[in-house]
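Just below is one structure, and these are the notes that go with it.
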Amino acid sequence: MQRMYKRYIEVEMLVDKTGEITPLALIWDGERYEVDKIIRHKPQCHSQNCGGGGEMFVVQIGGATRTIYYEYMSPGKFRWFIESLRP
């Protein structure tokens, strides 16, 4: 299995009135990729491939399946990362 890396990305998301988050699009290396479908969601999950974790979403983007995480950093501070083959 190839080594996976944690790449921090920008994510456009919807936060509903109950506080639930839904990723709508990823911005990665200056390119915008719309999320076609959320395949799976786990509120708390650890990345087995690159360390770290948080709220996990397995998403479909243009026919490809990717795993992204909404990671807790400190009180009131979160960020998104994607499992990537390159650092």
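The sequence shown begins at 8 in our numbering and counts up one residue at a time.
Virtual Cβ for every residue (Gly too), placed ideally from N, Cα, C.
Proximity below 7 Å, CB of residue i to CB of residue j
i, j, result
"Y77", "G61", "yes"
"I75", "W87", "yes"
"I16", "V22", "no"
Cβ neighbour criterion (16 or more within 10 Å) applied to residue i
i, result
"L92", "exposed"
"V66", "buried"
"I95", "The structure shown does not extend to residue 95, since the chain spans only 8 to 94, so no value can be given for it."
7 Å Cβ shell around residue i - same chain, five flanking residues per side excluded
i, result
"F64", "P30, I45, H48 and I75"
"M11", "N56, C57, E90, S91 and L92"
Residues that residue i bridges to, as DSSP identifies them
i, result
"G60", "H53"
Cβ shell of residue i (< 6 Å), same chain only, five flanking positions each side left out
i, result
"V18", "P30, L33 and W87"
"W35", "I16"
"P94", "Y12"
Spatial neighbours of residue i in its chain, beta-carbon cut-off 8 Å, leaving aside the 5 residues before and after
i, result
"F85", "G61, Y77, E78 and Y79"
- Task: Could you name each continuous beta strand (DSSP E) segment of 3 residues or more that falls completely within the region 23-53, going from the start of the chain to the end?
- Result: Listed in chain order, they are 28-35, 38-41 and 44-53.
- If you scan the region 62-90 from start to end, which runs of the beta strand (DSSP E) of 3 or more residues do you find wholly inside it? Counting only runs of 3 or more, we get 71-81.
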